[in-house]
Structure formats: structure tokens, C-alpha cells
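Using our numbering, the first residue of the sequence shown is number 18, and each one after it goes up by one. Below: one structure, written as C-alpha cells.
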Amino acid sequence: MLNIINNTLNKYKKVIKTINIYAEKIEKYNDAQLKKQTQKLKKNLKASNINSHDILAEAFATAKEAIRRATDITLFDVQILGAIILNNGHIAEMKTGEGKTLVAILPAYLNALHEKGVHILTVNTYLAKRDAKLAQNIFNFLDIKIGLVTPEMDYISRKIQYNCDITYNTNSELGFDYLRDNMAIDIDQTVQRNFYFAIVDEVDSILIDEARTPLIISGVTKQNNTKYKAADKLANILESFKHYEIDEKGKNIILTEEGIVKCEKSLNIVNLYNINNEWIKYIINALKAKEFFFKDREYIIRNSEVTIVDEFTGRIMEGRRWSEGLHQAIEAKENLPIQSENKTLASITYQNLFLLYEKLSGMTGTAKTEESEFNKIYQLSVIEIPTNKKCIRKDLPDLVYKSEYYKWQAIANECFDMYQMGKPTLIGTTNIDKSELLAKMLDNLQIPYNLLNAKQENATREAEIISQAGQRYSITISTNMAGRGTDIILGGNPIAMAKMMIKHYIKSMGKFHKAKINLNNIHKKLYKSEKINYLINQIDISFLKEDNNTSETKIDTYIEQIANKNYPLNKINEKNFQIYQNILKEYTILCNKEKEKVITLGGLYVIGTERHESRRIDNQLKGRSGRQGDPGKSRFFLSLQDNLFRIFGGEQITVLMNTLKIDDNTPIESIILTKSLNSAQRKVEGYFYDIRKQLFEYDEVINSQRQALYSERKKILRSIFIRDCIIEYGENCIDEMLFFYTSADSDTKYKILVRILKLLNINTKLYINELTKIEATLIKSFLYEQLRISYDLRENYLEQLRPGLIRKLEKYYLLQQIDQTWQDHLEKMNLLKEYIGWRSYGQQDPLIEYKNEAFNLFINMVTSIRQNVIYLLMRSRLIINI
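In C-alpha cells, the structure reads:
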């Protein structure tokens, strides 16, 4: 592995050297000269014999200098290497604390010069906002516009943001905007340009973890609350193993024969599995809600609503709902108001969404374990970037206890010992429930701690909690740290602490609190400083008096502006900037002193409380320790009752512990055991890869249909004159209906002609019997001609009613029928996917069968669209109000 990394570095050593030579030259430019670099490089790109590779060194050097001026940070060679890897369309695996956010700036700048738009995608809005602010400060030096898409924006604002040179966004907002664009009824309502280049931050989280479920835009359908409540009542009566079997691995419920009979008797129905009976869906969802979905683990209840908690990041997922009636089943279980069930209007998988980009790259701290999937699905290779300083963290063997009770006791005792030593400790838990259990145990031991999970009161303090997690005597309990996006700095983060101190002061002096707070209580005694207290009290808060509606968000924005010197020039702001700089200087001195003490204690200690089903999530947790050459250690405390052992086999270890007569409170510590756990995790990863692969293979079928339909839709949206399209639709309808004409008997021929004439609203004095005597080719020509005549008459009639009406009607009916028929088609495809698996029992490949059936459904859909559009245009009755 080390040789591969060294070879990667050596391969690009010459390019990195050239970039650094350019950077030394550009460093001497003044701000105006630096800004002119962008226009110069754009001009060079437009030359016929120049491509982006030819200007890479100069462009990267320009961006490197802009970063230095904006942040006072000079990029390391390994960061430049990461940027080259991203620009080449690969995944750069860079460990936590190596500065991935700044690395993305270089390839983003180079590709922005093409003026096609660059997207930088993150896992949540908080990170998108944070990174966009940093990028704006940097790109102010380079005359590059930075966009930011947030959930609350309307489509006009979104369009402006997407038209910027570089746009920061979340993966979900990008996907929903794509789907909404392809449902727009006016070209002006579309917001996105064609997808050119994307850099995906936390690429494994987005392209692997979130790729299990597709993005869906739903519409409300009629709700049936009584069935959800009845199914929940029945689920509580049914007993596991007796009435149903639980498949924890696949998160499935299978009713036993006894269970089916019990359901039929309780609901007073004859056949539970009758095709016209909906009850089975309600019952299975109610049982899934009972067995697999728990409050403060998979979801929390906020404002009388069930809010999903992301299993990988521990964050709440605002506005997201489980589909297929599962969310309603959980609402019934929790006795909450049941919201309407949704109907799929449009959907796409993340796999097919990101494959729309001409060029795709990504970065993360953990991707090697999923390298084959990245390669097979996205054609992305993973290249490991060496750390700037060698990682010296010690990953200790796992400790495995017989029962969960003794495991948590051991973790609490370990926290107690670490607190007595003063060693900063981060405990990663898998859900809210477990984090609160440990918090109660530490309360009993009278150990102070910080709790970070999806609950509102904790989530809002995220930056504050993480900034303090590297301080002496800090005990931090957090749900999964994946995608947190904030480094834990040993000794404390001086920048975050300075901002927090100012924020607390402004809040205390404003209208938030009447009483003045004691600033020394904000941080631990070891961070007390009379000088900081003195400086804080010098801050001019007269801007608060000028604004009667000062909010916490406004205060945050003001502090960011002061910290980044991005404010309107006046005496108050200049004074506050100088005070901020002095406070930061004091905190830097204090934090550096504390860092030395923390290093002597061995750095940050990371405790894992359960192995995750993915090794990457465990690696991300461990990666919080040992950043930038810092010391540290990690250890996992496990029990045989943990999910991974229970579902994927801990029986042999249980037998071993019983044979050796090991006490409940005595753990097994073994490297062999750790290896067997890694093996179990690989099995789980393989299992979920198969699920994602199957999802991708099935969606590939619908994706080709989606692209054909969306391209037709875009063509219609962009067209001003679409009469020719309507005529073509009409001719296609004639061709399709005449397909069997020549081989049909006289009665069938008569019926076919009646149908065609009715559809096209063609009035002819000729008898249909006379038409049947004419050759088929002549009938086709006759019908084509009659179609045009009939459409001309229709057009003249509508033009007399209102000029331009026919053109509007054409577009309206086309788009309406495409959308409506596509939604019905998606429903049929979902049903097809559900029952096609049974074909395997007949020795048939379900995927091939799915492709064949899907093709027939698509042909029927296209035919239906054409016929409906022609029928509506030829026969619609309009009342014009004058």
C-alpha cells in the first residue's frame, strides 16, 4: 500500500513542482493583477489548441495564492496532489483533518473557467453554507461567482445560484431540483443548466450510503387512516415467531400460516393475499414499524411529527418521509396525526443522477473499502492521498462482553478514568437512545460531558461541542460522527472559541437576556483569562440598538463578517475586528499551551460503542483522533447482544465464552476476534452492495425510459412552434392502429377504421365500407391528408376564439399527458418490480423478465400519450370568457 501511495506522489511530482514555481511568481502580484488571472486563463482556454490540462499548473497556482491571501494557509504538496486527482475525475481518499474543503477549490476554479458551471456537493445544508462562505472569501480575489442552494429558496433564486461559476449544494436538493425541472410546465421555471462537473464531498456517504433509496417527488393521494390504525392494533396482537418471522438482515416480515389465519379472522376477510385486497400492505408496514423502527433511534418526534434520523450521520432529515405507507404506519404506532399517503410523481436513483455529469469526482476520508463499487457503478477509481504528517494513532483490539449491560458499565468506568486523567474522550454511539443512556450513567458518576445527537437542543450546539471536544477533561458523547465536517483540535479550537465568546457576550448584552452572564463560566477554568474578559467588554454592540429585530442568525452572520473582514467599513466594525483579532490571539496562546498538555496525555481517545454494519463508519469515527500527526488511540467496546453479532453470528464466540467460563464483566480481547468482526462487516457490506446493485440494475431499465421521456419533454418546453410534433403524433397513431389492418378480417378492418376516424375527429362523407375496399397504403395516405385538413380546421376555429390559443393548448396537453402518463407508468413499474421476483421460481431470470415487461409497458405508455394528446386537441370543448 505504501509503495502505491509513493508511486502516486512521484507520478505527479513534476506537475506539483511546476504549480509551486507558478505560485512563487503569482505571489508577487497585487490584488488587481491576481483578479485579472481569471480572464487571462479563460482567454487561453478559448484558443483552439489549448485545453484545461495545458493551463492546470497556472490555474492551480492562482487558486493556491487566493487561498493564501484569504485564509493565511499555504497548501501542502499532498493537498495539491489531492486536487490533481479530483481534476482527473477520481476519488481522493484524504484522512480527517487534511483540509479537503480547500483541496476542492483548485479543481473547481480550473473547471469553472469553462463557464459551464461546477457543482460542489455536501451531505447537509450546514456544510454547504460553511464551505460556500469560505469559497466566497477566496474567490473574491479571482472574480469568480459563488452560488449556494438552500431548501427555503424559490425557483428564481435557485436559477440565479445555479448560473454562478461554482455552486455549493446538497445532494438531495440537487436531485429534487433535477426532478422538478423535468416536471416544469414553462422553460422559465427550470433552474439547472446541463450537468458538467461535480466534486462530491463525503462521496462514500452520498454515492454509497444514500444510494440505497431513490429520490422521490411525491403528490398527495387520498388517505385511509382507519386501515393504518386497525393494522397497528392487529400488529400489537400478533406474536413474533408464532404469527410472523423476522428477517433482521433484510428488514423483512414474513407471515406464518397461523399468522395469516389470525389476520383473516380478525379482519373478517376470506383471502388476505387476494389481488384486490390491500390489507397485506398495511399489516406488513405495521409489523415493520413495531419490530424495526424505534423512537430516538430511527426517528424522533418533534412538533407532533415523526422526523427521520439519518442512520449514518445521526442527523435529522427535515422534510423526508418513508414511502409506501411506512411513515403512516409509524405515525399510527405513535398515536400521532396520520398524514396523507403519497403517490410517486417523479423519481431517480443517486447512481443515475450522478452519472449525468460529464465529469465526476469525489473526496472522503474512507473510500477504499468500497473501491470495487465505485469502479463498477460510477467508473471512479479511489486513490489514497498520503497524510501531510504520519498518522501515529493506536487502534486497540476490541473488547467483547457477554452482555450489553456490562459493556455500558465498562464504557462509563473508562470515561470516569479518562476524566480523572484529564484525557479528552469522544464516545461514538449508534443512536440517540444509547447516547442518552450513557449520559445518564455519567450523571450518576458525576462526570461532566457534552451530548451531541439529533435532538434540537443538542444539534444547535454542534459547532460549540465539537470545538471543545479536544480540550482537557472533555467527555463528548456523539451519535455517528460521519459527515460532521468539523475537526477536533487538541487543546481546543481558538477560532471557534473566540467566535463563541463574542456571541455569548453580544447575546447577554442584547435583548436575549436581561441579566449579564458570567463569561468565565462559558469555558473551563483552564481557559480563564482576565485579558479576554477585558477585551470582550470592549466590544461595541451599538449595532444591536439600531436593529429592533436582531436575531441569533443575524448575530452569527455579523460575527462571521467581522472574523473574515467582510463587512461595510466603519469605526464600529474596524474596532470590533481588532478586538476579535486580539481575543483570537489570546485563545491561540491558551489552546497551544493546552495542546502540549493533551499531547503528553496521549491525545484524543475515541471509544466506539458498537460496530457499524459498514467499516467506513467505524473508520470515520476512529479518524477523529490522530489528525495531522497528533497522537491518539481508539477502542471499540462490544457485546454479544450488539446487532452485528446477533444478526451475523456471534454464536461461536458465545460458546467459547461459556466453555472458558468467562464472567459477564470480563471481556475477551483478541486480534483474531477483531479480524472475525471485520469479516462479518465485509459480509454485511457485500449484502448491502447487492441491494444497491440490484436497485441500480432495475433503475437502469427505467433510466433509459426516463432519459427518452425527459429529452422529449425538454424539446417540447424549448419549442415555440410544435404543430409539426402534433402532426407527427397523429401520423404515428394512424400507423400504430393500421399495423394489423392488412392481416385483419373485414369486421376487424371496419372497427379499426371507426376507431381511427373517431380518434382524429375526421368527418368524411365516404362510407367506411367503401374505405375498406381501398389498398392499405392509399388508406394511410388518405388518413394522413384528412388529419391535416381536420387539424387546419381545428386550428382556424381556435384562432378565431383567441389568437395563439392553439399553440398554448398544444404545449399544455403534451406536457400534461406526458406527466400524467409517466406517473401512472411509475406506479406500474413499482408493482412490476414487487411481483417479478416470483418468476425465479419458474427458472426465469427476474431482471430479464423485468426488462421485457418494462419495454412493453413503455411502448403502451408512449402510445397512450400520443392518442390522448390527439384526442384532446381534436375534441376538447372550450368556453372563452370575454
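Note that CB positions come from ideal geometry on N, CA and C, so glycine has one too.
Query	Result
Helix, strand or coil at Glu401 according to DSSP, with G and I counted as helix	strand
Selected residue, minimal CA-CA separation from Lys732, among Ser283, Ala76, Ala49, Ile202	Ile202
Check whether Thr496 and Ile449 have beta carbons under 9 Å apart	yes
Residue burial classification, Ile36 (beta-carbon count within 10 angstroms, cutoff 16)	buried
Distance, Tyr185 Cα to Ile347 Cα	34 Å
Unbroken beta strand (DSSP E) run spanning Tyr622, endpoints	621–625
Beta bridge counterpart(s) of Glu322 as assigned by DSSP	Arg319
Contact between the region 808–817 and the region 710–720 (3+ Cβ pairs under 8 Å)	no
Any chain C beta carbon closer than 9 Å to Ile394	No chain C is part of this structure, which consists of one protein chain only.
Residue from Arg772, Leu607, Asp412, Val278 whose Cα sits closest to the Cα of Lys650	Asp412
In DSSP terms, what Gly643 is bridged to	The partner list for Gly643 (beta bridge, DSSP) is empty, contrary to what the question assumes.
Coarse secondary structure for Lys31, derived from DSSP in three states	helix
Beta-bridge partners of Ile262, as assigned by DSSP	Reading off the sequence, residue 262 comes out as Glu, not Ile. BP columns for Glu262 point to Ile271.
For Ile183, the three-state DSSP class (helix, strand or coil)	strand
Beta-bridge pairing of Val278 - partner residues as DSSP gives them	DSSP lists no partner for Val278.
Rounded separation between Glu12 and Thr361 - CA only	The question about residue 12 has no answer here: the residues shown for the chain are numbered 18 through 899.
Validate contact between the region 432–443 and the region 389–403 using beta carbons, cut 8 Å, 3 pairs	no
Neighbourhood of Tyr418 by C-beta distance below 6 Å, restricted to the same chain and skipping five residues each side	Lys424, Ser656, Pro684
Spatially closest choice to Gln356 from His70, Glu341, Leu370, by CA coordinates	Glu341
For Tyr418, the residue or residues it bridges with in DSSP	Ser656
For Tyr852 and Lys699, the rounded distance between their alpha carbons	The question names Lys, yet the displayed sequence has Arg at residue 699. Whole-angstrom Cα-Cα distance: 30 Å.
Sheet register partners of Phe214 (DSSP bridge)	Val135, Lys376
Cβ shell of Glu627 (< 6 Å), same chain only, five flanking positions each side left out	Thr447, Asp659
Rounded Cβ spacing between Thr142 and Ala228 (contact assumed at less than 8 Å)	Actually they are not in contact, since the Cβ atoms of Thr142 and Ala228 sit about 20 Å apart, beyond 8 Å.
Host beta strand (DSSP E) of Gly164 (start-end)	163–165
Pair within 9 Å by beta-carbon distance, Glu812 and Arg730	no
Burial state of Leu890 (16 or more Cβ within 10 Å)	buried
Residues of its chain near Met170, where Cβ-Cβ distance is below 6 Å and the 5 sequence neighbours each way are ignored	none
Residue interval of the alpha helix (DSSP H) (run including Thr789)	No alpha helix (DSSP H) holds Thr789; DSSP gives it neither H nor E.
Beta-carbon gap between Phe212 and His131 smaller than 9 Å	no
Through-space distance from Lys768 to Phe799, alpha-carbon basis	17 Å
DSSP three-state assignment for Ile744, whether helix, strand or coil	helix
Buried or exposed by the 16-neighbour rule on C-beta atoms within 10 Å, applied to Lys639	buried
Tyr29 beta carbon less than 9 Å from that of Ile98	A quick correction: the sequence has Leu, not Ile, at residue 98. Taking 9 Å as the Cβ cut-off, Leu98 and Tyr29 qualify as a contacting pair.
Whole-Å CB distance - Ile102 paired with Val220, under 8 Å assumed	Rounded, the Cβ-Cβ distance is 12 Å, inconsistent with contact.
Unbroken beta strand (DSSP E) run spanning Asn288, endpoints	Careful: Asn288 lies outside any beta strand (DSSP E) and carries neither H nor E.
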